[in-house]
Amino acid sequence: SDKLEERTIAAYVLARKDSKASVTREVFIERLTQEKDPVVRDVILFGLSRHATIEDQAALKAAHKALEKERKEGSTDVTLKGTIYSLELMIAGLHS
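Heads up, the sequence shown is in my numbering, so the first residue is 922 and it goes up one at a time.
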């Protein structure tokens, strides 16, 4: 959706513990690098923190690499560094 409110609510609904975890993880990982709004990215990270497992490590590292590349190429998004750091912490804490 183009509407911030709809994207935020959709991410929150998926972040709930009772969401289907495998679908949620795939959607969140894909959307993390596409989302440009920092609030929605934070909700996505929240959802990933609840659903991601060690099986997602490679995909999360790829997302981290893409976000880091965006930052290094001169992104004006001042919150991107925080997103990258949060993602690094999540990857480091993954367990099965």
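Positions of the beta carbon are idealized from the N, C-alpha and C atoms, including for glycine.
Within the same chain, and ignoring the five residues on either side of Arg928 in sequence, the residues whose Cβ sits closer than 6 Å to its Cβ are Ser922, Val961.
Straight-line spacing of the CA atoms in Glu1009 and His985 works out to 7 Å.
For Gln978, the closest of Lys957, Lys938, Val999, Ile950 by C-alpha to C-alpha distance is Ile950.
For Leu925 against Asp963, the beta-carbon gap comes to about 12 Å, at or over 8 Å, which does not count as contact.
With a cutoff of 9 Å on beta-carbon distance, Lys982 and Ile1005 are scored as not near each other.
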